[in-house]
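Structure, as structure tokens:
Protein chains: 2
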Amino acid sequence: MKLYETATAPNPRRVRMFLAEKGLLDQVECIQVDIAKGENLTPDFVAMNPMKKVPVAQLDDGTCLAETMAICRYIEASHPETTPLLGNDAKEQALIEQWLRWIEFYFMTPTGMGFQHTSGYFKDRMKVFPDYGAECLNQVREFMKFLDKHLEGKDYICCDRFTAADINAYTTIAFARVVKIRIGDDQANLKAWFDRINSRPSAKV
Amino acid sequence: MKLYETATAPNPRRVRMFLAEKGLLDQVECIQVDIAKGENLTPDFVAMNPMKKVPVAQLDDGTCLAETMAICRYIEASHPETTPLLGNDAKEQALIEQWLRWIEFYFMTPTGMGFQHTSGYFKDRMKVFPDYGAECLNQVREFMKFLDKHLEGKDYICCDRFTAADINAYTTIAFARVVKIRIGDDQANLKAWFDRINSRPSAKV
Numbered sequence: 549m550k551l552y553e554t555a556t557a558p559n560p561r562r563v564r565m566f567l568a569e570k571g572l573l574d575q576v577e578c579i580q581v582d583i584a585k586g587e588n589l590t591p592d593f594v595a596m597n598p599m600k601k602v603p604v605a606q607l608d609d610g611t612c613l614a615e616t617m618a619i620c621r622y623i624e625a626s627h628p629e630t631t632p633l634l635g636n637d638a639k640e641q642a643l644i645e646q647w648l649r650w651i652e653f654y655f656m657t658p659t660g661m662g663f664q665h666t667s668g669y670f671k672d673r674m675k676v677f678p679d680y681g682a683e684c685l686n687q688v689r690e691f692m693k694f695l696d697k698h699l700e701g702k703d704y705i706c707c708d709r710f711t712a713a714d715i716n717a718y719t720t721i722a723f724a725r726v727v728k729i730r731i732g733d734d735q736a737n738l739k740a741w742f743d744r745i746n747s748r749p750s751a752k753v
Numbered sequence: 549m550k551l552y553e554t555a556t557a558p559n560p561r562r563v564r565m566f567l568a569e570k571g572l573l574d575q576v577e578c579i580q581v582d583i584a585k586g587e588n589l590t591p592d593f594v595a596m597n598p599m600k601k602v603p604v605a606q607l608d609d610g611t612c613l614a615e616t617m618a619i620c621r622y623i624e625a626s627h628p629e630t631t632p633l634l635g636n637d638a639k640e641q642a643l644i645e646q647w648l649r650w651i652e653f654y655f656m657t658p659t660g661m662g663f664q665h666t667s668g669y670f671k672d673r674m675k676v677f678p679d680y681g682a683e684c685l686n687q688v689r690e691f692m693k694f695l696d697k698h699l700e701g702k703d704y705i706c707c708d709r710f711t712a713a714d715i716n717a718y719t720t721i722a723f724a725r726v727v728k729i730r731i732g733d734d735q736a737n738l739k740a741w742f743d744r745i746n747s748r749p750s751a752k753v
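Protein sequences appear in the order of chains A and B.
Positions 549 to 753 (the working numbering) are the ones given, in order, by the first sequence.
Positions 549 to 753 (the working numbering) are the ones given, in order, by the second sequence.
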């Protein structure tokens, strides 16, 4: 498998961390795409992913898979010998998916939209609404309060063990530095959880 | 399983259609939640889903599952005897997930945000940015053009058969009437596909 990705971007990081937790990262060829320079807008890249986003996985048969969680699901299903990160049974799979979607919709997406609409980083390729971006950042702060309360007495976000939900929330908090949002001094549960995930070898990739 | 849902809202419809395709709809007790009246904002409802959204599935052991696709994954994994709608193998599962996410991010979410930010339907409970809403509706129109091209020569969105991707795109197009977006006269592939899905018994539930 080849992984077209951007080392500094949050979504590719989710896939690298997922691969590292599975012990599979060294089996994948990572190819850097410079999104600041627009390398994701070229005809060759758009043929791989019409949505023009990183990461994209190219399977050995040539099939291109876009979307972070589609790539993670492929890795999980094609390597059943590795530790499951998306759940062992129907109920776990559903609870992890619930959390993945909450993290995606109420945390990762508003962080990204807050960044794009307040910084103008991609203003050459999208319309920017700074007031909407500021409201997105309020949502990010609200979700961090919610997560801090949820983590009281818990080591991990769900299923009493490390899952993809921890990867996606961790990488979002790390990314939120670009919008100057950090864990509050009063958010002790969130801080302890973040440090716990941050100490894993997979957090370094 | 109990399903807390709103008959007129698009996300619950996705779950009902998924259940109907599995032949399981009559095994589920559907309980109506009036979101216009704010029945989803009560302490009892928030205890089931802190994100205050429908649908929520309550399993027989009392566990509450929020999020449309988490509920659908639970149904798929707990009824392996039924026709798979989320893929047979790793590659299919990943391709369907890619499409589900494209439909969610570039079609369903902008339709919902376009509706909420241009109509003010929920203005008692959120900040409204009409210019951002108008831009969302442009994204909806762009995705419909993309989908029309993609469907050339195809009966279904992916994997050469009916999947959850067809459910989610179909219910989004049906919902898009609230923002006065309809399939264009020049979008013959999209129209033929919509009519194909619309003729299934599950489209009536």
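We put the beta carbon where it would ideally sit given N, CA and C, even for glycine.
Just so we're clear, the structure is a prediction, and the values are computed from it rather than from any experiment.
If the five residues before and after Asp679 (chain B) are omitted, its C-beta is found closer than 8 Å to no C-beta atom of its own chain. The beta-carbon of Pro598 (chain A) is placed less than 8 Å from the nearest beta-carbon of chain B. The residue from B:Ala751, B:Asn686, B:Val726 with its alpha-carbon nearest to that of Phe710 (chain B) is B:Ala751.
Checking the DSSP bridge columns, you'll see Glu553 (chain A) partnered with A:Gln580. For Trp647 (chain A), the closest C-alpha among the options A:Ala717, A:Arg561, A:Cys620 is that of A:Ala717.
The beta carbons of Ile619 (chain A) and Val563 (chain A) sit closer together than 8 Å. The C-beta distance from Pro628 (chain B) to Asn559 (chain B) rounds to 25 Å, too long to meet the 8 Å contact threshold. Unbroken alpha helix (DSSP H) runs of no fewer than 4 residues, entirely contained in the stretch 589-655 of chain B, are found at 591-596, 616-626, 638-651, following chain order. Rounded to the nearest angstrom, the gap between the Cα atoms of Ala722 (chain B) and Asp733 (chain B) is 16 Å.
Shown here, Ile745 (chain A) sits in a helix according to DSSP, grouped into three states.
Annotated as distal: Tyr654 (chain B) and Phe663 (chain B), with beta-carbon spacing of 8 Å or more. Judged by DSSP secondary structure, Gly660 (chain A) falls within the alpha helix (DSSP H) whose first and last residues are 657-667.
If you draw a 10 Å sphere on the C-beta of Arg725 (chain B), you find fewer than 16 other C-beta atoms in it, and that means exposed.
Judged by beta-carbon spacing, Phe694 (chain A) lies within the 8 Å limit of Pro598 (chain B), meaning their Cβ atoms are closer than that value. Counting only the Cα atoms, Lys697 (chain B) lies some 29 Å from Ala568 (chain B). No Cβ of chain B is located within less than 8 Å of the beta carbon of Tyr718 (chain A). DSSP, reduced to helix, strand and coil, places Gln575 (chain A) within a helical segment of the structure shown. When rounded, the separation of the alpha-carbon atoms in Ala584 (chain A) and Val676 (chain A) is 17 Å. Under the 8 Å criterion on CB atoms, Gln641 (chain B) is classed as interfacial with respect to chain A.
Close to Thr611 (chain B), with beta-carbon spacing below 8 Å, are these residues of chain A in chain order: Lys639, Leu643.
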